[in-house]
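One point on numbering: in UniProt numbering, the residue at position 12 of the sequence shown is 12, and numbering is uninterrupted.
All C-beta atoms, glycine included, are put in the ideal place defined by N, C-alpha and C.
If you're wondering where the values come from, they're calculated on a predicted model, not measured in any experiment.
Just below is one structure, and these are the notes that go with it.
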Amino acid sequence: MGTIRQNKIEKVIQEEVSKVFQQNARELCMGAMVTATVVRVTPDLSLARVYLSIFAGPPKEEVLQNIQINKGKIRGDVGRRLKDMRHIPDLEFFIDDSLDYAEKIDELLKK
């Protein structure tokens, strides 16, 4: 549980990162459909961990690697969109495997 400020910043960063991925899907996401499912910001607002769902395209690891290579560009785009924030947190990207985990649990429950 974060503070109200952290929660607001997480929500705004999630929306803006998703918009950046939608507009630059071909070069950043290698044609895959990528959405930011969860964003967690540290209490000092210096780091934002962005969890991504990656669908339909090249292997998830390749897409994640390409996104990590371009994270400076993504952070810059987010910063230009969020002019009211003095400091934009550094972005770390991870694959969100919660959907895969839920599928495994559903399969186990069906057995």
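Cα-Cα, which of R80, A48, K71 and A102 is closest to Q14? A48
Could you give the first and the last residue of the continuous alpha helix (DSSP H) run that contains D100? S98 to K110
If I follow the unbroken alpha helix (DSSP H) through S53, where does it start and stop? No alpha helix (DSSP H) holds S53; the beta strand (DSSP E) holding it covers L47 to F55.
Count Cβ pairs between the region 101 to 110 and the region 51 to 65 that sit closer than 8 Å; are there 3 or more? no
Do the region 93 to 104 and the region 18 to 30 make contact, defined as three or more Cβ pairs closer than 8 Å? no
Over what stretch of residues does the alpha helix (DSSP H) that includes I74 continue unbroken? K71 to R81
Less than 9 Å between the beta carbons of V41 and S53, yes or no? no
Note the first and the last residue of the continuous alpha helix (DSSP H) segment covering I9. I4 to Q23
Where the beta strand (DSSP E) containing T42 begins and where it ends: Unbroken run through T42: none, as it is neither H nor E.
Spatial neighbours of F94 in its chain, beta-carbon cut-off 6 Å, leaving aside the 5 residues before and after: Y51
Would you list the residues sitting across from F34 in a DSSP beta bridge? The question names Phe, yet the displayed sequence has Val at residue 34. The partner list for V34 (beta bridge, DSSP) reads I54.
Unbroken beta strand (DSSP E) run spanning residue 114, endpoints: In the structure displayed, the chain extends from 1 to 111; residue 114 sits before or after that span and is not available.
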